[in-house]
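Q: Quick note, the sequence shown lines up with residues 109 to 622 if you use the numbering used here. Note that CB positions come from ideal geometry on N, CA and C, so glycine has one too. Sharing a structure with you now.
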Amino acid sequence: MTGIAHPSFMKNRVARAGLAFTLALAAHAAGAQQAEADKLAAAATQSLGAVKITGQRNGGVDPSVVIAAKNKILSRQYASSCGFLSGYSAADDDVTLAYLRDFGMLDNPSNEVERISDLSPDGNAKTATVGSAVSEFTSGTQPTSDVQSPAVACGVGDKRFAAGRNWIARKDKSLTQAFEAYEAGNFVDARTKFEEGWKKLGYEEAAMMLGRIHLLGLGTPASTPKAIAWLREVVDARYDPVKDRLKFDPAKPDTINTRVEASLLLARIHLTGQGTKRDPVEAYKWWNKALDYGFEPAGTLLGQASLSGVGTKQDPKRALDYLQAAGEAGDVTALYMLGQLYHHQMPKQPEGVPLDLKRAGAYYGAAAKAGNLDATYAAARMLDRGEGLSAPAPERAVVFYKEAALKGHVEAQNALATFFYSGEVVPQNFATARQLFQAAARGRQPDAMFNLAVMLAQGQGGDKDMAAAYAWCTLAKGQGHEQAATALPAIAAKLSPEDKARAEAMLKPAPKKS
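Here is the structure:
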């Protein structure tokens, strides 16, 4: 009977594609078919994860989300025309304000920043007295000779509008109640409260959630046009490119803000054609918008699309630029994809990207260091095969295989098992090899299925079990494993009637009773 696969057999096999991102790279450059575009959509969705529900944390409403929403509504940039008509003041600078806050000086008379409060009739809590008119502002012009001061001042009407807005925001509970209803599954009440919050104060968070509610049909008939309209309210809102831009943190790559979330949802809607005409070009535009908003992984999506020619002209050079920028910003997926490109391990390798094993190894190593298991496995394979090196380095490869294997990477589990089976680098240990093959086989790794079958048939590393050997060999054959197809008749010939019945039961388990 055919013996167990030797480690060299495993090493000569083509590594699996890895991240779902790479599935879409097989798309044709022009006129990608629907199925291929769907792969890209699925890859994007899997990579970015499920769209986050703003305000949800540990099963309850995160009060910081509501506080942040109210602070934004009441900031100089958003509260009223006063924020745009007033001139620059050092006391309103972020650094200065942080200093004043740290030293408890925000209410000090030396702080000249104008404060609008609902506790004063004319909105200026610092200078106004109850019933005063603040006459210098009633004319609507700025009584100053400073050429840098605005020509139009913040008048009493503006102040009273801002004061009223402040009053509403301080008392408003609609956003908190909306999130509570949403998380409790009361979507009709949630929609009503989100709409109330939007009408009262224009919360971007409310518009975002209304977009999700209409897209998914939660408590209301699904309506993509309504969803798009609400999401556009988010992305078209007043924007400060400094304060509103997301600060991407590689340690927390899934963190997004409301604008990024809306852009990604719009991209997904147009890419998949969910309730609307499929339009990859429009999806590409919204990925660009997400990148503009500071979400660096969107650059990885743009790079992937540029490689595939989905939503844009196929352009490997531009794709590399996007991926390198995303990698430098700390997006781990971009680092792994760059390794694949220079290693020529893409399902459809684009022209114009040279084979560069040293660079590929460096990118794999960087991604592996950041915790990417596919990159860890890829780095191990390069070491194992001596790619980019003067000679193979299996003793270094085992370290990487072990790291990925212990975290559930099935290819790495199978590779590490072959070392324990053969006794190469590590002491021979059939029991450990069998455990690792079994773990990888349960993850549908074909080599591991076959290797486990052989060990079961020969009683290596544990009890002999011909029925289980037949079952695993059959599954490996079903995965296209050629050695399994050759070995299966020899295993079948050794089955007793009881073994055959048990093997069939393993392959066709009885349906669960309801």
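Going by DSSP, what residue range makes up the alpha helix (DSSP H) through Gly473?
A: By one-based count along the sequence shown, residue 473 stands at place 365. Run containing Gly473: 465-477, per the alpha helix (DSSP H) assignment.
Q: What do you reckon, are the CB atoms on Ala442 and Thr408 nearer than 8 Å?
A: The residue labelled residue 442 in the question sits at position 334 within the sequence shown. The residue labelled residue 408 in the question sits at position 300 within the sequence shown. Yes, these two residues count as a Cβ contact at 8 Å.
Q: What is the DSSP secondary structure of Pro388, counted as helix, strand or coil?
A: Residue mapping note: residue 388 aligns to position 280 of the sequence shown, counting from 1. The answer is helix: DSSP assigns Pro388 an H, G or I state.
Q: Mind listing, in chain order, the continuous alpha helix (DSSP H) runs of no fewer than 4 residues lying wholly within the region 319-394?
A: 332-343, 366-380
Q: With 16 as the cutoff for other CB atoms within 10 Å, does Tyr489 come out buried or exposed?
A: For this step, residue 489 is matched to residue 381 along the sequence shown. According to the sequence provided, residue 489 is Arg. The question's Tyr does not apply to it. So Arg489 ends up on the buried side.
Q: Taking 8 Å as the cut-off, does the region 420-429 touch the region 371-385 (at least 3 CB pairs, one atom from each stretch)?
A: no
Q: For the alpha helix (DSSP H) holding Ser172, just list the boundary residues, first then last.
A: In the sequence shown, the residue the question calls residue 172 occupies position 64. Residues 171-181.
Q: Once DSSP output is grouped into helix, strand and coil, what is the label at His451?
A: Here residue 451 corresponds to residue number 343 of the sequence shown, with the count starting at 1. Helix.
Q: Use the C-beta contact count for Ile364: other C-beta atoms within 10 angstroms, 16 or more gives buried, fewer gives exposed.
A: In the sequence shown, the residue the question calls residue 364 occupies position 256. Buried: at least 16 other Cβ atoms inside 10 Å.
Q: According to DSSP, is Ala289 helix, strand or coil?
A: Position 181 of the sequence shown, counted from the first residue, corresponds to residue 289. DSSP places Ala289 in helix when its eight states are reduced to three.
Q: Among the residues of its own chain, which have a CB less than 8 Å from the CB of Leu603, if the five just before and after it don't count?
A: Within the sequence shown, the letter at position 495 stands for residue 603. Hits under 8 Å: Met574, Ala575, Tyr578, Ala611.
Q: Flag this pair as touching only if the region 431-451 and the region 351-367 have three or more C-beta atom pairs under 8 Å; answer yes or no.
A: yes
Q: Would you tell me roughly how many angstroms separate the C-alpha atoms of Gly570 and Trp580, rounded to the nearest one?
A: The count along the sequence shown starts at 1 and reaches residue 570 at position 462. The count along the sequence shown starts at 1 and reaches residue 580 at position 472. About 16 Å.
Q: Where does Gly157 sit, in a helix, a strand or coil, going by DSSP?
A: For the purposes of this step, residue 157 is identified with residue 49 of the sequence shown, where counting begins at 1. The predicted model places Gly157 with a pLDDT of 34, which falls under 50 and marks its position as unreliable, so this point remains unresolved.
Q: Who are the near neighbours of Leu524 in its chain, counting only those whose CB is closer than 8 Å to its CB and skipping five residues on each side?
A: The count along the sequence shown starts at 1 and reaches residue 524 at position 416. The residues are Val506, Tyr509, Lys510, Ala513, Leu544.
Q: Kindly list the residues whose CB is nearer than 7 Å to the CB of Ala433, restricted to its own chain and excluding five residues on each side of it in sequence; keep chain order.
A: The sequence position of residue 433 within the sequence shown is 325, counting from 1. Here the set comprises Gly407.
Q: Output needed for Lys308: all residues of its chain with C-beta closer than 8 Å, excluding positions within five of it in sequence on either side, in chain order.
A: Mapped onto the sequence shown, residue 308 falls at position 200. Contacts found: Ile276, Asp280, Ser282.
Q: Given a threshold of 16 other Cβ atoms within 10 Å of its Cβ, counted over all protein chains shown, does Arg346 qualify as buried or as exposed?
A: Here the question's residue 346 lines up with position 238 in the sequence shown. So Arg346 counts as exposed.
Q: Give the straight-line distance between the Cα atoms of Asp482 and Gln453, rounded to the nearest whole angstrom.
A: Here residue 482 refers to the residue found at position 374 when the sequence shown is read from its first residue. Here residue 453 refers to the residue found at position 345 when the sequence shown is read from its first residue. Approximately 12 Å, taken between the alpha carbons.
Q: Going by DSSP, what residue range makes up the alpha helix (DSSP H) through Asp266?
A: In the sequence shown, the residue the question calls residue 266 occupies position 158. Taken as a continuous stretch (DSSP letters only), the alpha helix (DSSP H) holding Asp266 covers 264-279.
Q: According to the Cβ coordinates, are Tyr485 and Glu519 closer than 8 Å?
A: Here residue 485 refers to the residue found at position 377 of the sequence shown. Here residue 519 refers to the residue found at position 411 of the sequence shown. In contact: Tyr485 and Glu519 (Cβ atoms closer than 8 Å).
Q: Can you round the beta-carbon distance between Pro462 and Leu415 to whole angstroms, since I take them to be within the 8 Å contact cut?
A: Residue mapping note: residue 462 aligns to position 354 of the sequence shown, counting from 1. Residue mapping note: residue 415 aligns to position 307 of the sequence shown, counting from 1. Wrong, their Cβ atoms sit about 15 Å apart, outside the cutoff.
Q: For chain B, find out if any of its Cβ atoms is closer than 8 Å to the Cβ of Pro455; answer yes or no.
A: Of the protein chains in this structure there is only one, and it is not chain B.
Q: Starting from the Cα of Glu341, find the closest Cα among Asp362, Glu313, Arg493 and give me that residue.
A: Sequence index remark: in the sequence shown, residue 341 carries index 233 (1-based). When C-alpha distances from Glu341 are compared across Asp362, Glu313, Arg493, the shortest belongs to Glu313.
Q: Compute the minimum distance between the beta carbon of Lys307 and the heavy atoms of the ligand ADP, and state whether it is under 7 Å.
A: This structure lacks the ligand ADP; in fact it carries no ligand of any kind.
Q: Over the uninterrupted alpha helix (DSSP H) stretch that includes Leu410, give me the two end residues.
A: As a working mapping, residue 410 is identified with position 302 in the sequence shown. Unbroken alpha helix (DSSP H) run through Leu410: 405-416.
Q: Can you tell me where the alpha helix (DSSP H) with Gly435 in it begins and where it stops?
A: Numbered from 1 along the sequence shown, position 327 holds the residue referred to as residue 435. Looking at the DSSP string, the run of the alpha helix (DSSP H) that includes Gly435 is 424-436.
Q: For Asp344 and Val368, I'd like the C-alpha separation in whole angstroms.
A: Sequence index remark: in the sequence shown, residue 344 carries index 236 (1-based). Sequence index remark: in the sequence shown, residue 368 carries index 260 (1-based). About 12 Å.
Q: On the criterion of 16 or more Cβ atoms from any shown chain inside 10 Å, does Ala613 qualify as buried, or is it exposed?
A: Here residue 613 refers to the residue found at position 505 of the sequence shown. So Ala613 counts as exposed.
Q: In or out: Ala601 buried (at least 16 other Cβ within 10 Å) or exposed?
A: If you number the sequence shown from 1, residue 601 lands on position 493. When all chains shown are included, Ala601 counts as exposed.
Q: Over what stretch of residues does the alpha helix (DSSP H) that includes Glu511 continue unbroken?
A: What you label residue 511 is simply residue 403 of the sequence shown in a count that begins at 1. Looking at the DSSP string, the run of the alpha helix (DSSP H) that includes Glu511 is 502-514.
Q: Which one of Arg278, Phe302, Ala271, Lys397 has the shortest CA to CA distance from Gln285?
A: Numbered from 1 along the sequence shown, position 177 holds the residue referred to as residue 285. Gln285 has its Cα closest to that of Phe302, out of Arg278, Phe302, Ala271, Lys397.
Q: Which term fits Gly305, buried or exposed, when burial requires 16 or more other beta carbons within 10 angstroms of its beta carbon?
A: Along the sequence shown, read from residue 1 onward, the residue named residue 305 stands at position 197. Residue burial is scored here from C-beta neighbours: Gly305 has at least 16 other C-beta atoms within 10 angstroms and is therefore classed as buried.
Q: Give me the Cα-Cα distance between Leu449 and Gly469, rounded to the nearest whole angstrom.
A: Working through the sequence shown from its first residue, we reach residue 449 at position 341. Working through the sequence shown from its first residue, we reach residue 469 at position 361. Leu449 and Gly469: Cα-Cα distance of roughly 11 Å.
Q: Classify Asp400 as helix, strand or coil using the three-state DSSP reduction.
A: Counted from its first residue, the sequence shown places residue 400 at position 292. Note: Asp400 maps to helix in three-state DSSP.
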